[in-house]
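Undergrad:
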Ligand code: ADP
Ligand code: MG
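Below, the structure is given as structure tokens:
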């Protein structure tokens, strides 16, 4: 077991990393963050911020010399970086697991190879792959295989011609072409798995998106108990098949009553933010525990919760310099506001979120939606 006051390393300085730093600090650890952005949310509160690229070997050597274990909050960290660090220190999750989750083609093939339900798709490496697609795949969504997030690098296409056009717009980069599914709703499962293979799942959350970006998570999800159990079982199978160690997020579509895996995130997940406020152990504390070889914590959710993302769109004025009136939110009973300390608000940029908890799920949702309407 790695125990305090050991130093832990975090690759990536976004809000997910920032919550990891907070959890680790509360538990008595020190944290070094590597992120090229001098103002990264996690870097601002880290014990040391290495402002360097993810493949800067001088910085990686420094991290390896000072940190007992290293993890990531960012699926696009180069696999070579994780492999390199793993020669010197404990690294979780592994480069192999992260490589599957960071490439949509590898991810879909992994699901197919392991018999895990997912939607119809075709891997697109060249124009001929599009010409060879079935009529039944359309209408479809073309997604770049790498570096897409928050709906970026995606185009809806009605036909092969439109798919070819979108492929050119994406500079003929490798893509997946997915059938556009009719969604009943979306759910996600966040879990943690330790080195011995013990798994603890949080209750599934129900996710609503706006413009391809997660907007609201309702936890627990208003799915049937059979659907919730199945989602957890499928997420556990994925973690096992990846020999995953750490916190993992699995996104699902529920389409005509059927659960299909959409994608996996080899890190804590936006839909698990409420675990800080509404669960015995948060997804970030689980990440610390799994990384350090501590027993996993109790994931039980003690209160119904609703999480609302706050995007830069609600900042006002020239260059969005003016903060919304936070006092409105602080007045709402059971509401906790989390802001990430990002220096510049931009439309579509995740700047913070709030979580409302309470006794009764319908009333919590109502209070959260009223708070969201009041803040913009
Ligand atoms: P990201 O990496 O941006 O989260 P996703 O693949 O999860 O990318 O897509 C974002 C959202 O777009 C999904 O949560 C869902 O709402 C919608 N979406 C993506 N793919 C499909 C699809 N094949 N059918 C219907 N909706 C989709
Ligand atoms: Mg997604």
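Residue numbers (full-length UniProt numbering): 1 to 376.
Heads up, the beta-carbon is just placed ideally off N, CA and C, and yes, glycines get one too.
1) CA-CA distance, residue 224 and residue 55?
2) Roughly how many whole angstroms lie between the Cα atoms of residue 106 and residue 279?
3) Should residue 327 be labelled buried (16 or more other beta-carbon atoms within 10 Å of its own) or exposed?
4) Cβ of residue 263 versus every heavy atom of the ligand MG: is any distance shorter than 7 Å?
5) Leaving aside the five residues before and after residue 298 along the sequence, list all residues of the same chain whose C-beta is less than 7 Å from its C-beta, in chain order.
6) Hey, residue 251 and residue 159: beta-carbon distance below 8 Å or not?
7) Considering only residues of the same chain and omitting the five flanking positions on each side of residue 365, which have a CB-CB separation below 7 Å?
8) Within 10 angstroms of the Cβ of residue 205, are there 16 or more other Cβ atoms? Answer buried if so, exposed if not.
9) Closest to residue 149 by C-alpha separation, out of 226, 127, 264, would be which residue?
10) Roughly how many angstroms lie between the CA atoms of residue 122 and residue 134, to the nearest whole one?
11) Confirm the yes/no value for this check: CB of residue 251, any heavy atom of the ligand MG, distance under 7 Å.
12) What ranges does the alpha helix (DSSP H) occupy inside the region 44-81, keeping only unbroken runs of at least 4 residues that lie completely in it?
13) Take residue 335 as the anchor and find which of 314, 341, 357, 213 has the nearest alpha-carbon.
14) Got a sec? Which residues, its chain only, sit under 6 Å from residue 119 by beta carbon, not counting five neighbours each side?
15) If distances are taken between C-alpha atoms only, which option among 330, 9, 337 comes closest to residue 59?
16) Identify whether residue 264 lies in helix, strand or coil by the three-state DSSP scheme.
17) Please report the distance separating the alpha-carbon of residue 142 from that of residue 172.
18) On the criterion of 16 or more Cβ atoms from any shown chain inside 10 Å, does residue 270 qualify as buried, or is it exposed?
19) CB of residue 141 to nearest heavy atom of the ligand FAD: below 7 Å?
20) Quick one: Cα of residue 202 to Cα of residue 191, how far?
21) Is it buried or exposed for residue 1, if we count other Cβ within 10 angstroms and need 16 for buried?
22) Restricting to Cα atoms, I'd like to know which of 266, 241, 102, 244 is closest to residue 174.
23) Output the boundary residues of the beta strand (DSSP E) element that contains residue 213.
24) Under DSSP, the beta strand (DSSP E) around residue 199 begins and ends at which residues?
25) Would you say residue 98 and residue 111 are within 8 Å of each other, going by their C-beta atoms?
26) Do the region 35-46 and the region 12-27 make contact, defined as three or more Cβ pairs closer than 8 Å?
27) Less than 7 Å between C-beta atoms, sequence neighbours within five positions excluded: which residues of the same chain meet that for residue 341?
TA: Let me spell this out:
1) So the two alpha carbons sit approximately 45 Å from each other.
2) Going by the C-alpha atoms only, they are around 33 Å apart.
3) Burial check for residue 327: the Cβ neighbour count within 10 Å stays below 16, so the residue is exposed.
4) For residue 263, the shortest C-beta to heavy atom distance toward the ligand MG is below 7 Å.
5) Closer than 7 Å at the Cβ level, and outside the excluded window around residue 298, lie 280, 281.
6) Against a cut-off of 8 Å, the Cβ pair of residue 159 and residue 251 comes out as no contact.
7) Within the same chain, residue 365 has close Cβ partners 218, 306.
8) Under a 10 Å Cβ-count criterion, residue 205 is classified as buried, with 16 or more other Cβ atoms of the shown protein chains found around its own Cβ.
9) Checked all of 226, 127, 264; the closest Cα to residue 149 is 264.
10) For residue 122 and residue 134, the distance between alpha carbons rounds to 9 Å.
11) Yes - the ligand MG has a heavy atom lying nearer than 7 Å to the Cβ of residue 251.
12) 57-66, all fully within the region 44-81.
13) Nearest option by C-alpha distance: 357.
14) So the list reads 178, 179, 181, 260, once near-sequence residues are dropped.
15) Ranked by how close their Cα comes to the Cα of residue 59, the residues 330, 9, 337 have 9 in first place.
16) If DSSP states are grouped into helix, strand and coil, residue 264 belongs with the strands.
17) If I take the Cα positions, the gap works out to 11 Å.
18) Residue environment analysis places residue 270 among the buried positions, since at least 16 neighbouring C-beta atoms fall within 10 angstroms of its C-beta.
19) Only the ligand ADP and the ligand MG can be found as ligands here, which leaves the ligand FAD out of the picture.
20) Their Cα atoms are separated by approximately 6 Å.
21) So residue 1 ends up on the exposed side.
22) Residue 174 has its Cα closest to that of 102, out of 266, 241, 102, 244.
23) Counting along the chain, the beta strand (DSSP E) containing residue 213 begins and ends at 213-219.
24) It spans 199-201 - the beta strand (DSSP E) in which residue 199 sits, taken as one unbroken run.
25) Going by C-beta atoms, residue 98 is not nearer than 8 Å to residue 111.
26) Touching, yes.
27) Within the same chain, 41, 44 come within 7 Å of residue 341 by CB-CB distance, once the 5 residues on both sides are set aside.
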